[in-house]
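Chains as they are written, first to last, in full-length UniProt numbering: chain A, 1 to 179; chain B, 1 to 621.
Glycine included, C-beta positions come from ideal geometry on N, C-alpha and C.
Working notes for the structure below.
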Amino acid sequence: MDYSTQDNQNAAPGTLDAAKLNGARKPDSQSVTKRLQTELMQLMTSPAPGVSAFPSADGNLLTWTATIEGPDDTPYTGLTMKLSFAFPSNYPYAPPTVLFKTPIYHPNVDFSGRICLDILKDKWTAAYNVQTVLLSLQSLLGEPNNASPLNGEAAELWDSDPEEFKKKVLGRHRDIEEE
Amino acid sequence: MFQPQPTPFASACFASTPYAFPSPPQPVSNPPQPSRATALSYGLLGQRLDLGFHIPPSGGPAHSSIAGTTAGAAPGLGATGIGAAPGVPSRGLAYSSPQPLSHSRPPPHQQQQQRQHIVSQRHQPPVLIKMEDSDPHGIAAQQAAAKDYQPNLEGPLVGEKTTTSIITQEYEKADASFVEKTYNLPQTFQHYRPIQGDGNCGWRAIGFSYYEKLIEIGNRSQVESELARLRGLNQMLPSAGYQYWEDFADEALTLLQDVADNIGNPSIAHQLIFQRWNDDGATQSIIYYFRMLAGMFLKMHAATYDPFIADAGGIPGYCSSTVDIPNKEIEHLGITALVDILLKPINVVLEILYLDRSPGPHATKYRFPEEANEQDESQFGAIIYLLFRPTHYDILYRAPPLPVEVPQHPVSIQVHRVNTYDNGGGIMSTQTDLGAFATGDFSMLSMLPGFGPPSGPVMPLASPLASPPTDPLGEPFSPASQSQPPWAQQYCDDLTTPSPQSTTQQPPVVAPAPPSLPKSSTPLSPLTTATAGVTRPAIMAAPTSLVPPSPECTIRFSPMQLEYDGSKGSYPEPTFQVTTSTFKNSVWNRAHFGNPDFHPEEWSPDDENVDGRMGSRKKSK
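What follows is the structure, given as structure tokens:
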């Protein structure tokens with residue numbers, strides 16, 4: 001086994017797994033497309049409050065752009081975060097790669113926007129979908145998992161100094177242009 | 001990052017060659033006391049070796065020289081990585097329990113040095129240091145490596161039926177308990193179907209068998225009622241937390257519908273499910289559909305199964321961490337749920353044979369559902385057999401009980417020809433009445449290897465399934481039981497007495513009914529030797545005074561066939577080289593009077609000059 005790939009700890013979560021699973025399974029893009037169309041349909045007919053997602057403008061159904069509105073009573077109130085979804089060819093049997101495009105200060109998100117969330121890694125099930133992922137991320141904004149932080153300072157400040165935390169959140173946040 | 005670490009198994013080879021590492025000459029010096037204690041404690045740990053066997057008695061001038069050189073070896077090793085003084089205290093702490101022992105009973109100085117020498121040589125202390133110092137790191141690295149490890153998956157998702165003797169061979173050199181169990185496996189289960197071990201094997205094996213059993217049961221209305229039942233279950237999936245079930249269910253139900261449509265043609269249906277289960281997209285969907293069904297069943301019966309879950313998450317947590325995860329192996333709870341929701345309604349029982357190291361000659365059986373373990377097999381509609389080897393499931397197939405024992409000896413093919421030849425004679429006698437010319441040809445064809453009628457008893461190499469039980473000739477050949485002319489029976493009986501195995505081979509040569517002989521011998525003439533032709537008329541002339549044919553009486557049905565030696569049929573090695581000096585005087589040598597084919601040695605002028613004294617005995621022919 002090639003252990004050099006293991007050094008890649010800071011790689012975006014999910015990419016490694018997805019790549020390996022792609023190697024083991026031959027792509028079945030037709031069923032992925034079908035599944036994503038179903039999900040898109042459901043997102044449009046019964047949208048969940050505070051989250052939305054849509055395929056990217058380039059016409060590739062395998063990459064989506066999503067938005068999450070910061071939940072009330074959290075440091076992220078009033079902010080809108082953009083995310084990117086990249087679906088592997090064996091979706092939904094492997095998780096999508098999700099990144100924060102908007103700079104965000106959060107214990108479980110690093111400065112490149114990579115997210116540490118178990119359901120995007122080894123706890124992924126084919127029963128999850130874009131909407132459940134977005135809702136999970138939304139709740140992660142208000143309830144970070146400080147036990148395994150990607151951003152150690154944020155994890156510390158969350159408990160010790162909420163004021164400073166809020167200041168850092170607002171300082172880091174900037175709305176990005178529509179691509 | 002991760003480096004392969006020597007494992008404790010390494011000590012086994014050290015123990016077998018205790019002095020394999022010569023100690024380099026080093027300046028003699030007394031090692032520091034803590035180091036000695038540590039070295040002792042390693043040995044006293046008992047994990048690696050028993051010091052008692054290897055330590056010579058203490059004291060004595062004879063040992064001082066050894067002690068001198070060995071004492072020097074310790075610092076030398078320390079320089080290479082023992083970490084003589086600084087590293088020692090921490091290690092001593094880690095192995096604190098043996099230390100009091102070594103303090104309370106300090107051995108004589110020389111013995112200590114001796115021990116240290118042995119211990120340091122045999123233990124390779126750098127191994128211990130590395131394992132200890134890098135423990136957290138090493139374990140983390142190994143966990144990370146294991147998490148992302150993807151085995152090299154070979155073979156199809158669902159393989160073709162294969163003979164189980166392959167499994168026996170696979171375990172030939174394994175633990176004795178495995179050998180015994182796998183050796184007994186083919187007696188009950190002649191075939192198995194290899195399933196790819198990608199983490200879905202249990203789900204795949206049960207799922208595939210579900211379709212297979214439906215085909216075997218062959219009841220269209222049952223399949224259609226299954227369709228209706230599953231459609232009803234689908235409506236409850238969202239309430240169990242499975243929002244997106246349509247795609248998965250579609251694939252499974254489409255295949256079920258296809259099975260229903262082809263239920264009248266099982267071979268097509270079997271091929272259909274084999275193809276579909278080897279199609280990647282389809283098989284993933286169907287398996288995930290079954291995962292959802294099992295998950296839903298568990299959630300519906302959460303009260304029953306909650307006590308089995310140790311985690312706080314209960315059944316929902318178990319489902320989302322085990323059942324719902326793609327490529328995650330099935331566990332007992334998953335099997336229970338799947339059997340209950342999928343197999344129980346069609347009265348199919350799942351029997352799993354656990355191939356483990358438990359004592360006993362057979363793999364441990366367990367049936368799902370549990371109550372089926374006490375019930376008789378006749379109560380079940382069908383049984384799915386799975387073979388469980390740690391972490392892997394394959395499907396087993398039980399062949400219908402064979403009416404005959406398959407003879408092991410290769411020459412039994414010729415036994416078959418004998419039988420049909422006799423029958424041919426009988427048919428020929430009726431030929432004049434019916435004019436059934438084809439029967440004559442048929443019996444002739446059966447003389448040729450591989451052209452025999454599909455009768456079970458005589459084809460040891462054919463698969464047991466290929467022999468239909470309705471075979472008219474489906475009885476083991478026994479010369480006495482055939483309807484034969486009295487003279488032929490007597491002949492057979494005569495031959496049965498000395499050796500049953502060789503008798504069965506005689507009739508092709510001698511048994512043809514007289515009227516058929518001229519006809520049948522004509523097509524045979526290129527295949528039979530001249531001596532055979534000579535023998536037959538002799539038998540006809542004097543059928544009651546039969547003499548076993550000479551060894552040269554040979555019928556060669558094919559040029560590729562081993563030479564058929566009538567009186568020597570029980571010896572598998574006609575070409576066995578017995579004229580070497582080792583075997584020259586054994587009964588295997590034809591020149592030995594005890595050999596059934598006794599033939600004295602003959603002088604050959606060609607041998608005269610080969611090897612002086614023994615030259616004439618080299619060749620017996």
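| Item | Value |
| --- | --- |
| Within chain B, the residues that asparagine 151 (chain A) reaches when beta carbons sit closer than 8 Å | Chain B residues near asparagine 151 (chain A): none, gap ~21 Å exceeds 8 Å. |
| Proximal chain A residues relative to aspartate 247 (chain B), where beta-carbon distance stays under 8 Å | Ser31, Lys34, Arg35, Thr38 |
| Rounded separation between leucine 342 (chain B) and tyrosine 318 (chain B) - CA only | 20 Å |
| Tyrosine 76 (chain A) at chain B interface by Cβ criterion, 9 Å | no |
| CB of leucine 333 (chain B) within 9 Å of CB of isoleucine 206 (chain B), strictly | no |
| For methionine 292 (chain B), the first and last residue of its enclosing alpha helix (DSSP H) | 280 to 300 |
| Close beta carbons around isoleucine 287 (chain B), own chain, < 8 Å, minus the five adjacent residues each side | Asn200, Trp203, Arg204, Gly207 |
| Among B:Trp603, B:Tyr385, B:Arg357, B:Ala372, nearest to aspartate 175 (chain B) - alpha-carbon criterion | B:Arg357 |
| Neighbour list for asparagine 129 (chain A) in chain B, Cβ cutoff strictly below 9 Å | Gln243, Tyr244 |
| Whether isoleucine 352 (chain B) touches phenylalanine 388 (chain B) by CB criterion (9 Å) | yes |
| Inter-residue CB distance, valine 323 (chain B) and alanine 294 (chain B) (contact presumed, cutoff 8 Å) | 6 Å |
| Meets three-Cβ-pair contact criterion under 8 Å: the region 209 to 229 of chain B and the region 164 to 173 of chain B | no |
| Beta-carbon proximity of leucine 256 (chain B) to methionine 292 (chain B), cut-off 9 Å | no |
| Selected residue, minimal CA-CA separation from alanine 382 (chain B), among B:Tyr211, B:Ile325, B:Thr336 | B:Tyr211 |
| Any C-beta of chain A under 9 Å from that of methionine 292 (chain B) | yes |
| Chain B contact for tyrosine 93 (chain A) (CB, 9 Å cutoff) | yes |
| Spatial distance of proline 95 (chain A) from glycine 159 (chain B) (CA atoms) | 29 Å |
| Within 9 Å, strictly: CB atoms of proline 107 (chain A) and proline 75 (chain A) | no |
| Residue-level contact to chain B via CB, aspartate 122 (chain A), 9 Å cutoff | yes |
| Minimum Cβ-Cβ distance from tyrosine 210 (chain B) to chain A less than 9 Å | no |
| DSSP state of valine 587 (chain B) mapped onto helix, strand, coil | coil |
| Backbone secondary structure at arginine 114 (chain A) - three-state DSSP | strand |
| Interface positions of the region 311 to 338 of chain B facing chain A (Cβ-Cβ less than 8 Å), listed along the chain | Ser320, Ser321, Asp324, Ile325, Pro326, Asn327 |
| Residue span of the alpha helix (DSSP H) that contains serine 160 (chain A), given as start and end | 152 to 160 |
| Complete runs of the alpha helix (DSSP H) confined to the UniProt domain "UBC core" (31 to 178) of chain A [at least 4 residues] | 130 to 142, 152 to 160, 162 to 172 |
| Every unbroken beta strand (DSSP E) inside the region 330 to 397 of chain B [3 residues or more] | 348 to 354, 364 to 368, 382 to 389 |
| Residue range of the beta strand (DSSP E) that includes glutamine 190 (chain B) | 189 to 193 |
| Host alpha helix (DSSP H) of threonine 322 (chain B) (start-end) | No alpha helix (DSSP H) contains threonine 322 (chain B), which DSSP labels as neither H nor E. |
| Whole-angstrom C-beta distance between alanine 240 (chain B) and tyrosine 289 (chain B), which should lie under 8 Å | Not really, about 13 Å apart at Cβ, beyond 8 Å. |
| Contacts of tyrosine 397 (chain B) in chain A (Cβ-Cβ under 8 Å) | Those within 8 Å of tyrosine 397 (chain B) in chain A number zero; the least Cβ separation is about 28 Å. |
| Minimum Cβ-Cβ distance from glycine 159 (chain B) to chain A less than 9 Å | no |
| Burial state of threonine 164 (chain B) (16 or more Cβ within 10 Å) | buried |
| Distance between beta carbons of leucine 83 (chain A) and alanine 66 (chain A), contact taken as under 8 Å | 5 Å |
| Proximity of tyrosine 130 (chain A) and asparagine 90 (chain A) at Cβ, strictly below 9 Å | One point to set straight first is that residue 130 (chain A) is valine, not tyrosine, in the sequence displayed. No, the Cβ-Cβ distance between valine 130 (chain A) and asparagine 90 (chain A) is not below 9 Å. |
| Arginine 593 (chain B): first and last residue of the uninterrupted alpha helix (DSSP H) it sits in | Per the sequence presented here, residue 593 (chain B) reads as phenylalanine, with arginine not at that position. No alpha helix (DSSP H) holds phenylalanine 593 (chain B); DSSP gives it neither H nor E. |
| Phenylalanine 111 (chain A) versus lysine 328 (chain B) - alpha carbon distance | 32 Å |
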